[in-house]
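The opening residue of the sequence shown carries number 866 in the working numbering; numbering runs sequentially from there. C-beta: ideal position from N, C-alpha, C; glycine also. Fair warning: this is a prediction, and the values are worked out from it, not measured in the lab. This report refers to the structure that appears directly beneath it.
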Amino acid sequence: MGRGKRLAIEGHEERVALYSKRYSNRQDMYTGKPLIDKELNEWYTDRTKAKIGQHLSNYQKQKAGKQ
């Protein structure tokens, strides 16, 4: 099967933007309700892991002379 151009699904970009905005605002991505207690702690953990991962990636690239 060939790999042709992917067709955009109607409303996809809008949903991605909405989910991203909700995530940034510490809201449930699908309902928009504020994250509380365990969910909020998981949100902070996920954000921290992402920042650490990006930092380590940048460090490794720099160490290898790729930046």
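Comparing the C-beta of residue i with each C-beta of chain D, is any distance below 9 Å?
| i | result |
| --- | --- |
| residue 895 | No chain D appears in this structure, which consists of one protein chain only. |
Quick check on residue i: does DSSP put it in helix, strand or coil?
| i | result |
| --- | --- |
| residue 927 | helix |
Considering only their Cβ atoms, is the gap separating residue j from residue i smaller than 9 Å?
| i | j | result |
| --- | --- | --- |
| residue 924 | residue 908 | no |
| residue 891 | residue 900 | yes |
For residue i, verify whether its CB is less than 8 Å away from any heavy atom of the ligand SAH.
| i | result |
| --- | --- |
| residue 929 | Among the components modelled here there is no ligand, and therefore nothing to report on the ligand SAH. |
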